[in-house]
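Following this note's numbering, the numbering of the sequence shown begins with 50 at its first residue and continues without gaps.
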Amino acid sequence: MFSYFKDKKTVSHIRLSGIIGNVGKFKQGIDFSSQQEIIKKAFSVEKIEAVAISINSPGGSPVQSHLIYSYVRKMAKEKNVKVLVFAEDVAASGGYLIACAGDEIYANSSSIIGSIGVIYSSFGLQELIKKAGIQRRIYTAGKNKSTLDPFVDEKKEDIERLKKIQLDLHADFIKVVEESRSSKLKKEENTDLFTGEFWSGSKSKELGLIDNLGNADEILKEKFGEDVVIKKFEKPKGWLSKKISGSHENQIEALVQLLEERSIWQKYGL
């Protein structure tokens, strides 16, 4: 009996789902501060065969994405443990950057993968406040302190400055992907690989963005046996409803945050 239990292999399983970064006081996104201890615990399980990470994210903060990616690789090296990443509906933009922490990446044939690029979005509200009879007053120390103010006309130099920052961030993203996927990438077959384009799981396999198709349950059983023990690690749930249940103002703010988040998911048809 004892040998039966001893022969069972153990895998830690981390689940990351949502927008990456701070998405508002009513809904926590995926950020490093809330995931660091979970990741550490997952890697600290004795005699594990691997750490599996299921990710379902359209992206978000490049900084938080990189912090999580770097910490997973650090722990994998320290513990000498293999990392297997499983993309669910979507692993795009920062979600794909985190996925690159895996020694192997898997996805469903219909998963959305890629979007290796950088985006900044805002609104131009200068005409709106004019029509409303509102006068904008702003005082700064430092000529660039009010860069990209949505209530004034865009300035060419502000856009150029933003583009330079985006190019730096994009270069960092590309470096992570190239180092992670190395010879697996089929760059010569698709020049759109680093343009922000995204693909289905099936096409992503052809391009070398993932290793194979499959879900966590079937792949882990295939690799470690039907009786593999999977220890799950994820953030506790249930706090959101308590925060929203207060005032009408809270409910309205929560709704606005939800709509903003939905707009990001809907980019990928989700």
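Just so you know, even glycine gets a beta-carbon here, dropped at the ideal spot from N, CA and C.
Asked                                                                                                         : Found
Inter-residue spacing [alpha-carbon to alpha-carbon] between ALA141 and PHE247                                : 7 Å
C-beta atoms of LYS280 and VAL94 nearer than 7 Å                                                              : yes
Pair within 7 Å by beta-carbon distance, ILE88 and TYR118                                                     : no
Residues near SER249 in its chain [Cβ-Cβ closer than 8 Å; skip 5 each side]                                   : SER158, SER159, SER160, ILE161, ILE162
Which of helix, strand or coil DSSP assigns to MET50                                                          : Its pLDDT being 45, under 50, MET50 is placed unreliably by the model, and the measurement read from it follows with that caveat. Coil at MET50, not helix or strand.
ASP56 classed as buried or exposed, judged by whether at least 16 other C-beta atoms fall within 10 angstroms : exposed
Secondary structure, alpha helix (DSSP H): runs of 4+ residues fully inside the segment 60–134                : 81–93, 111–128
SER229, DSSP secondary structure in three states                                                              : helix
CA-to-CA distance, GLN184 to LEU256, given in whole angstroms                                                 : 52 Å
Rounded C-alpha distance that separates LEU258 from ASP80                                                     : 23 Å
C-alpha gap between THR240 and ARG230, whole angstroms                                                        : 16 Å
Every unbroken alpha helix (DSSP H) within the segment 214–276, with a cutoff of 4 residues, ordered by chain : 250–256, 265–273
ILE345 - DSSP class collapsed to helix/strand/coil                                                            : Nothing about residue 345 can be reported from this structure: the residues present for the chain run from 50 to 319 only.
Which listed residue (ILE147, GLU153, PHE200) has its alpha carbon closest to that of LEU269                  : GLU153
Reduced DSSP category for LYS212 - H, G, I as helix; E, B as strand; rest coil                                : helix
Validate contact between the segment 133–149 and the segment 93–109 using beta carbons, cut 8 Å, 3 pairs      : yes
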